[in-house]
Structures are given as structure tokens and as C-alpha cells.
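Quick mapping for you: the protein sequence lines, in order, are chains A and B. Numbering follows this note's numbering, with no gaps: position 130 of the first sequence is 130. One rule links them: number in this note's numbering = place in the second sequence (from 1) + 265. What follows is a short report on a single structure.
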Amino acid sequence: MFTTELEASTLYEYQVTNLPQIKHCGYCYFLFQENPQIATQVSGIFLPSEIRGNYLYSFNRDAESATVFSASGFGQKFLPDESICERIMLLAGRFYTIQSRIQTHSYHEVFDTVSTYTPQISASDLQIEQSAISIFDAYSNEEFDTDIAYEFTNALDGLIRANGKPAVRIINNLIRKQILDDDIISETLKALGRIEDQNTKYERYELLIDSIKNESAIIRDGAVSGLSFLDDNRALPQLRMLFETDTVPILRNNIKVAIKGLETY
Amino acid sequence: MKHINEMPYFLRAIYSNINWERTQFPSWLKEGELPSCIIRDLRADNNALSLWEISDDKSNLLDIVAAFVSLRKDIKYDFDYALLSANYLDELSFTHSKKPAKTAYRDMNHYHRNVSNLSINNVVYFAHLLSRHGEFDRMGWKDIEARLKEAYTRGQLDLKKMKPELKQQLGISE
């Protein structure tokens with residue numbers, strides 16, 4: 001039986017056989033109520049009021065679906081809401097969207113709720129996403145005013161050349177999830193401009209144009225530099241508009257520098 | 266004694282001029298305080314800050330920036346900097362001395378200065394000086410690229426000091 005690596009510290013394998021309709025390869029049992037140590041470990045993730053009952057997370061071999069079972073404890077009826085199930089999915093290292101949810105008392109009269117999830121992304125996209133996250137993690141504490149920026153660009157370049165347009169889309173999704181610091185996002189946008197890969201140029205351009213609307217000035221600045229590095233005159237109208245509307249004085253100056261570079265050379 | 270607008274400037278390379286923008290300071294800062302993140306721009310190796318002397322008409326500014334970038338791997342790099350009028354350093358008796366740099370742009374190396382014997386208090390004071398009186402700006406990568414190519418054409422670059430990646434991007438072959 002397959003055992004997830006994430007079980008070691010906070011979960012343990014809860015082997016159940018013959019669960020209906022799903023070809024299982026592993027289970028993670030969240031003992032929130034019965035194990036104070038685990039309850040403490042997850043206390044940063046779940047509110048005390050949410051740490052009730054037990055949850056069983058199961059997944060199939062190709063990671064195409066997952067199920068969260070909620071078990072009542074001590075005769076209580078507790079139905080976890082969707083946000084709790086989604087956080088369990090995040091704990092388990094996957095990003096899922098809910099597919100269906102049913103309430104049942106039929107499974108050995110143990111489980112109250114069965115929620116079936118499908119991944120937001122395919123297994124191959126998940127692999128790309130994990131590679132991207134590894135790159136971001138590796139460079140998250142680096143100072144980019146050195147040649148580190150060059151190495152970071154090379155790392156993202158390798159990921160994008162190996163995986164093409166899906167890699168740009170996945171990087172965009174990671175940026176939107178607000179799990180990355182503004183500085184690393186800004187450097188990512190600069191790197192996306194530096195990469196010289198015609199196959200993904202349009203997607204990178206679109207991502208950069210979209211990012212000049214970000215509420216963070218650091219991220220907008222990274223997008224402006226990225227567009228300058230991409231060296232595509234199509235960005236001029238949007239940059240001129242941004243120059244007219246942006247309220248951060250030094251950023252307006254930086255936009256002007258980018259416009260001058262695109263106009264002059 | 267030179268008139269204030271005839272004084273040269275000192276250039277300090279910084280990571281991002283956005284971090285020095287007062288409108289972007291965190292709201293929890295008290296009046297007159299600076300965010301601690303900017304200290305990364307004032308790293309003092311051997312208790313000294315590295316600065317570059319810029320002429321009062323800023324005519325050597327682009328060359329100095331090109332000298333700085335001549336040691337990097339990537340030409341696609343926007344160069345953020347702050348300029349501080351030299352009179353502020355003179356007034357505060359900061360000890361600054363010539364210390365030739367080792368960039369590939371030979372003719373610019375003698376513009377390098379070290380402000381030495383700095384305590385942490387000095388560095389913090391310098392940060393306040395820079396924040397209050399500095400001119401923050403950016404040099405675009407295409408201007409830097411063009412100037413490096415010109416310097417190469419004039420034979421002013423020490424190619425042995427340049428990294429292969431940068432030479433390749435500039436189309437320089439030895």
C-alpha cells in the first residue's frame with residue numbers, strides 16, 4: 001500500500017480496505033480530537049472550534065481524485081465545511097477543488113460526510129508546479145542584486161523550455177495564489193522578461209502585462225522591468241497608460257525609463 | 266569652497282529604489298523612522314561603504330554604472346541607485362578616500378571611493394541622509410548595454426575581467 005510522505009509527523013496511515021467506488025492507495029487519518037500533540041501541531045492551521053471530530057483523507061494512485069471523510073466523535077454530529085476540507089487537501093500537499101459532497105451514515109455508521117475532490121491541476125501540471133515551487137524556495141532568501149538573478153533566470157528558463165506554455169500558466173497561478181513574497185514575484189517577472197524563448201513569448205508577455213495592474217508597487221515594478229527586458233514594443237501603450245495613472249512617484253520614474261528604452265532602441 | 270550645485274555627488278548602488286520610496290513605507294513606522302529592509306543596500310564590508318564619485322554635471326554617471334555592470338553576468342539588469350551631494354559627507358566628517366575599483370571598465374575605476382571607519386550608528390545616519398537628501402533613480406539596461414559596447418569599441422574594457430556570459434550577450438569576441 002502506498003504511503004504518503006506527509007504522514008510522518010502529523011498523520012499516520014489508517015488502513016481501511018474495500019472502501020466503495022474508489023481505488024485507493026493510501027489514507028491519512030487526522031486525529032484532531034484524540035491526539036493532543038497533533039491537535040497542537042495543526043493549531044496554526046485550524047481554529048480550536050474546527051478541531052472536532054476526525055477526518056480521513058484518501059487518494060487514488062494517479063492522484064486524479066481524493067476524498068475526505070468526516071467522522072463524528074462521541075456521538076456528536078459534525079459536518080466539516082468546505083474550507084476545512086480544502087485545508088486538509090492543502091495539508092496533504094495537493095490543490096483540489098470540491099467535486100461532490102454527500103452526507104451519509106451508511107459507511108459502517110462511522111462517516112458523516114464524504115467529500116470527493118478533483119485536483120485543480122493534472123498530475124503533469126502538479127509536477128511542474130512542484131518544480132517551480134522548489135525553485136522559488138531555493139531562491140527565496142537570496143539577494144538578487146548579485147548574479148543570483150542570472151542563476152534564478154536560468155532555473156526558470158530551464159523549467160519553461162522543458163515544459164513550454166503550461167509552465168508559464170502554472171507560474172502565473174502560483175503568483176495569483178498569494179503564497180509567494182512580493183520580492184520573489186517581482187524577480188520572477190524580471191526573469192520571465194529575460195528568458196529568450198520564442199515558444200512562450202506571448203504567454204510571458206500576457207503575464208507581465210497583467211502584472212502591471214497588481215496592487216503591490218514592488219510587483220508592478222518587476223513587471224515593468226520584465227516588459228523592458230522582453231523588449232516588445234507592444235507594451236508601450238500599456239506602459240504609457242500606467243505612467244499616467246500610477247500614484248507611486250519613483251515607480252512612475254521607473255516606468256519612464258522602461259518607455260524610453262523601448263522607444264529609443 | 267565650491268557652491269553647493271557645483272559639488273560632485275556620491276553614487277550608491279541599491280537593490281530597488283521602490284524600497285526607499287516614502288509612500289511605500291509600512292504604515293506602522295513612526296514619523297522619521299526608516300524600514301529596516303533598506304539596510305541591505307548599505308552593507309559595509311570591512312566597516313566601509315563603497316561609493317562612486319559622480320561629477321557635478323553627472324557626465325560620468327552612465328560610464329560609472331556601465332563599469333559597475335561590467336562585472337556581472339547579465340546585461341538585462343536595471344540599475345537602481347541613489348545620488349548624494351558630496352557636501353553632506355563633508356559636513357559630517359565621514360572619512361572618504363580613493364580606492365580604485367577593479368571593474369572591467371578601466372577608465373572608471375579611479376572614481377571609486379570608500380567611506381571607512383563606520384560604526385553601525387554611522388550607517389544608520391547615512392541611511393537617513395540618503396533617504397532625506399538622496400536622488401533616487403534608475404538607469405535602463407539598454408543605455409548601459411549601449412555604453413558598454415561603446416567602451417568596447419574604444420578599447421576601454423579589460424575583457425579578461427568580464428564574465429563569458431556578459432561578453433556573449435554584448436557580442437564581444439576575444
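We put the CB at the ideal spot given by N, CA and C, even for glycine.
Cα-Cα separation between residue i and residue j, rounded to whole angstroms
i: lysine 364 of chain B; j: alanine 309 of chain B; result: 15 Å
i: isoleucine 185 of chain A; j: alanine 223 of chain A; result: 9 Å
i: tyrosine 139 of chain A; j: isoleucine 148 of chain A; result: 8 Å
i: glutamine 21 of chain A; j: glutamate 196 of chain A; result: Summary for glutamine 21 of chain A: the model assigns pLDDT 38, below 50, so the residue's position carries little reliability; its value from the coordinates is reported in the next sentence. Cα to Cα, the separation comes out at about 48 Å.
i: leucine 326 of chain B; j: leucine 236 of chain A; result: 26 Å
i: proline 249 of chain A; j: tyrosine 205 of chain A; result: 25 Å
i: leucine 349 of chain B; j: alanine 162 of chain A; result: 46 Å
i: alanine 132 of chain A; j: lysine 201 of chain A; result: 18 Å
i: glutamine 130 of chain A; j: aspartate 408 of chain B; result: 38 Å
i: isoleucine 259 of chain A; j: serine 320 of chain B; result: 26 Å
i: lysine 341 of chain B; j: alanine 392 of chain B; result: 28 Å
i: serine 381 of chain B; j: asparagine 254 of chain A; result: 31 Å
i: proline 429 of chain B; j: lysine 338 of chain B; result: 8 Å
i: phenylalanine 359 of chain B; j: lysine 367 of chain B; result: 23 Å
i: glutamate 143 of chain A; j: lysine 414 of chain B; result: 27 Å
i: serine 292 of chain B; j: isoleucine 303 of chain B; result: 16 Å
i: lysine 177 of chain A; j: serine 211 of chain A; result: 13 Å
i: lysine 426 of chain B; j: glycine 420 of chain B; result: 14 Å
i: leucine 336 of chain B; j: arginine 371 of chain B; result: 12 Å
i: leucine 230 of chain A; j: glutamate 271 of chain B; result: 39 Å
i: serine 324 of chain B; j: serine 301 of chain B; result: 33 Å
Partners in chain A for residue i, counting only beta-carbon separations shorter than 7 Å
i: isoleucine 283 of chain B; result: Ala217, Ile218, Asp221, Ile250 and Leu251
i: glutamine 289 of chain B; result: Ala217 and Val248
Within-9 Å CB hit, residue i to chain A
i: methionine 266 of chain B; result: No answer about methionine 266 of chain B holds up, because its pLDDT of 44 lies below 50 and its placement is not dependable.
i: alanine 351 of chain B; result: no
i: glutamate 286 of chain B; result: yes
i: isoleucine 303 of chain B; result: no
i: glutamate 430 of chain B; result: yes
i: aspartate 408 of chain B; result: yes
i: alanine 392 of chain B; result: no
i: alanine 369 of chain B; result: no
i: alanine 411 of chain B; result: yes
i: glutamine 421 of chain B; result: no
9 Å Cβ cutoff, residue i in contact with chain B
i: arginine 194 of chain A; result: yes
i: aspartate 147 of chain A; result: yes
i: glycine 261 of chain A; result: yes
i: tyrosine 139 of chain A; result: no
i: threonine 247 of chain A; result: yes
i: tyrosine 205 of chain A; result: no
i: proline 134 of chain A; result: In the sequence as presented, proline is not what sits at residue 134 of chain A; that position holds serine. It does not: the Cβ of serine 134 of chain A has no partner Cβ on chain B nearer than 9 Å.
i: serine 228 of chain A; result: yes
i: tyrosine 202 of chain A; result: no
Chain-ordered neighbours of residue i on chain A, where CB pairs are closer than 9 Å
i: glycine 297 of chain B; result: In chain order: nothing, as chain A lies at least about 20 Å away.
i: lysine 338 of chain B; result: Asp147, Ala149, Tyr150 and Glu151
i: tyrosine 274 of chain B; result: The premise fails here: tyrosine 274 of chain B is roughly 17 Å from chain A at the closest Cβ pair, so nothing lies under 9 Å.
Partner residues on chain B for residue i, Cβ-Cβ distance less than 8 Å
i: glutamate 142 of chain A; result: The contacting residues do not exist; glutamate 142 of chain A stays about 11 Å from chain B at best.
i: serine 225 of chain A; result: Asp343
Cβ of residue i within 9 Å of any chain C Cβ
i: asparagine 214 of chain A; result: Among the protein chains in the structure shown, which are A and B, there is no chain C.
Residue closest to residue i, alpha-carbon to alpha-carbon, out of the options
i: aspartate 182 of chain A; options: A:Tyr205, A:Ile195 and A:Phe136; result: A:Phe136
i: valine 168 of chain A; options: A:Asn253, A:Gln198, A:Leu251 and A:Tyr150; result: A:Gln198
i: tyrosine 390 of chain B; options: B:Asn282, B:Leu314 and B:Ser292; result: B:Leu314
i: glutamine 126 of chain A; options: A:Ala191, A:Pro166, A:Thr264 and A:Arg194; result: Checking the sequence shown, residue 126 of chain A turns out to be leucine, not glutamine. Nearest option by C-alpha distance: A:Pro166.
i: proline 273 of chain B; options: B:Leu431, B:Ala369, B:Asp345 and B:Tyr376; result: B:Tyr376
i: alanine 191 of chain A; options: A:Lys177, A:Arg176 and A:Ile171; result: A:Ile171
i: glycine 297 of chain B; options: B:Val330, B:Leu349 and B:Leu395; result: B:Leu395
i: asparagine 386 of chain B; options: B:Leu307, B:Lys295 and B:Arg277; result: B:Leu307
i: lysine 267 of chain A; options: A:Glu143, A:Thr200 and A:Leu251; result: Because chain A spans 1 through 265 in this model, residue 267 of chain A falls outside it and cannot be assessed.
i: aspartate 345 of chain B; options: B:Leu299, B:Glu318 and B:Tyr280; result: B:Tyr280
i: isoleucine 128 of chain A; options: A:Tyr150, A:Asp157 and A:Glu151; result: A:Asp157
i: isoleucine 219 of chain A; options: A:Ser228, A:Lys177, A:Phe229 and A:Thr188; result: A:Thr188
i: valine 293 of chain A; options: B:Leu357, B:Ser324, B:Asp343 and B:Leu299; result: Given a span of 1 to 265 for chain A in the structure shown, any question on residue 293 of chain A remains unanswerable.
i: glutamate 263 of chain A; options: A:Phe243, A:Asn233, A:Thr247 and A:Ser216; result: A:Asn233
i: glutamate 410 of chain B; options: B:Val330, B:Arg378, B:His398 and B:Leu299; result: B:Val330
9 Å Cβ cut-off: residues of chain B touching residue i
i: asparagine 233 of chain A; result: Going along chain B, no residue has its Cβ under 9 Å from asparagine 233 of chain A, so there is no contact; the nearest lies around 13 Å.
Amino acids of chain A, ordered along the chain, whose beta-carbon sits closer than 8 Å to that of residue i
i: arginine 403 of chain B; result: Asn253, Asn254 and Val257
i: methionine 280 of chain B; result: Methionine is not the amino acid found at residue 280 of chain B; the sequence shown has tyrosine there. Within chain A, the residues near tyrosine 280 of chain B are Glu143, Phe144 and Asp145.
7 Å Cβ cut-off: residues of chain B touching residue i
i: serine 211 of chain A; result: Within chain B, no residue comes near serine 211 of chain A; the closest Cβ sits about 14 Å away, beyond 7 Å.
i: threonine 188 of chain A; result: Here the premise fails: no neighbours, minimum Cβ distance about 14 Å.
Worksheet entry | Whole runs of the beta strand (DSSP E) within the segment 358 to 413 of chain B, excluding any shorter than 3 residues | 360 to 363, 377 to 381 and 400 to 404
Worksheet item: At what residue ranges does the segment 307 to 360 of chain B contain a whole run of the alpha helix (DSSP H), taking only runs of 4 or more?
Response: For the segment 307 to 360 of chain B, whole alpha helix (DSSP H) runs of length 4 or above, ordered along the chain, are 326 to 334 and 351 to 356.
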